[in-house]
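Student: In the working numbering, the protein residues as written are 207 to 482. Quick one: this structure, given as structure tokens, is what I'll be asking you about.
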Amino acid sequence: MAVHDGLRPASAVVRALAAEVSRRSEGVAARWPDGVPDLLAAKTRLAAGVTALEGEPLLDGAELLRGGRALAAAVEAVEPAVGQTMLAIVERLEGLDEHSLNELARAALAGAWEPCASLASILGLDEYALVSVVDYAARPALVAAARRVEHLLTSYDRASSHCPVCGSSPLLAELSGKEAARSLRCGRCGARWRYPRLACAWCGERDHHALSALHGEGEAGVRQADCCSTCHGYLKAVSVLDPLDYVSLLKTDIETAGLDLVAVDRGYARGTGQRA
Ligand SMILES: [Zn+2]
Ligand SMILES: [Zn+2]
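Here it is as structure tokens:
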């Protein structure tokens, strides 16, 4: 199975995962106690340059496993082999003690994948497959929490190259309005934040000599890959009338895979992995 970074999965799998993440996000939020997430604390964190959801108890180990099972079942319906691989991983995780599972849930929320590396070797699992399952299993909580704090982002203007809500790298940029204002979208929690149109989303480069766009004929400003020769990063941008919902966001990323091929072929990489 190859659902994580770089190893692009089949579109049917991603669609099934995105739909299930979106569906489960409602139920996850309904189980949070009052005051989770703490909106006042989230606002303070954002003002201090910290991710809005840092430290919020959005997910425990039991919920992580429930999410993993539900996602595996959703994927099994469209790609049985992939779904069964996911389920086998969830079943291995079910053998862990409560403390370890809660730690894993915390790491998954933060997008800290080091614990998965050691866990993969202990359990004899493929690291990327384990990260993929744990990543998606944590997403319903992240998506639900991002919805709760999204109103705090309307005045957010830090030009952050990482999601101000959960800390992930942006998946895509959206261009909207007459001036094609750019917003970045997080693929994990779905958050949307403004980012200058003419600056590299990864390193902040603003010199127009270093910035270029790759696109098909007649597709400039509609579907393009914005590239930076300073950090050799690229980010795809699509024009939208309204912000994409979570399923459309992940679907659009898959549908524009041709741009990834062209950008990678020209020596650009999706992101630099460096935090601004
Ligand atoms: Zn995010
Ligand atoms: Zn750059």
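C-beta: ideal position from N, C-alpha, C; glycine also.
For S418, which residues from the same chain have a beta carbon less than 6 angstroms from its beta carbon, with the 5 sequence-adjacent residues on both sides left out?
Tutor: Result list for S418: C433, in chain order.
Student: Identify, in the order they occur along the chain, each residue of the same chain with its Cβ nearer than 6 angstroms to the Cβ of S231, setting aside the five sequence neighbours on each side.
Tutor: Answer for S231: P346, V349, A350, listed in chain order.
Student: List the endpoints of the continuous beta strand (DSSP E) containing A431.
Tutor: Here the beta strand (DSSP E) through A431 covers 429–434.
Student: Does the distance from the CB of L467 to the CB of G427 come in under 8 angstroms?
Tutor: For L467 and G427, no; Cβs fall outside 8 angstroms.
Student: Which of the three DSSP states, helix, strand or coil, is assigned to P286?
Tutor: Three-state DSSP puts P286 in a helix.
Student: Please indicate yes or no: does the CB of C434 lie closer than 7 angstroms to some heavy atom of ligand 1?
Tutor: It does not: the Cβ of C434 is nowhere closer than 7 angstroms to a heavy atom of ligand 1.
Student: Classify R394 as helix, strand or coil using the three-state DSSP reduction.
Tutor: It is coil, neither helix nor strand.
Student: To the nearest angstrom, how far is the alpha carbon of R481 from that of A443?
Tutor: Residue placement at R481 is poorly supported in this model, since its pLDDT is 40, which falls under 50; the coordinates still yield a value, given next. C-alpha separation (whole angstroms): 20 angstroms.
Student: E297 to E309, Cα distance in whole Å?
Tutor: When rounded, the distance between both Cα atoms is 17 angstroms.
Student: So, helix, strand or coil for A318, using DSSP?
Tutor: The answer is coil: DSSP assigns A318 none of H, G, I, E or B.
Student: Could you tell me the boundaries of the beta strand (DSSP E) in which A443 lies?
Tutor: It spans 439–445 - the beta strand (DSSP E) in which A443 sits, taken as one unbroken run.
Student: Which residue marks the beginning of the alpha helix (DSSP H) containing P376, and which one marks its end?
Tutor: Note, P376: premise wrong, no alpha helix (DSSP H); beta strand (DSSP E) at 376–382.
Student: Using CA atoms only, rank isn't needed, just tell me which of Q290, R400, W399, S445 is closest to H421.
Tutor: H421 has its Cα closest to that of S445, out of Q290, R400, W399, S445.
Student: Thinking C-alpha only, which one of V242, I328, A326 is nearest V355?
Tutor: Per the Cα distances, V242.
Student: Taking the beta carbon of V209 as the centre, do at least 16 other beta carbons fall within 10 Å, making it buried, or is it exposed?
Tutor: Confidence at V209 is low in this model, with a pLDDT of 45, below 50, so the placement of that residue should be treated as unreliable; the coordinate-derived value is given next. Looking at its Cβ environment, which holds 16 or more other Cβ atoms inside 10 Å, V209 is buried.
Student: By DSSP, does A426 sit in helix, in strand, or in coil?
Tutor: Coil.
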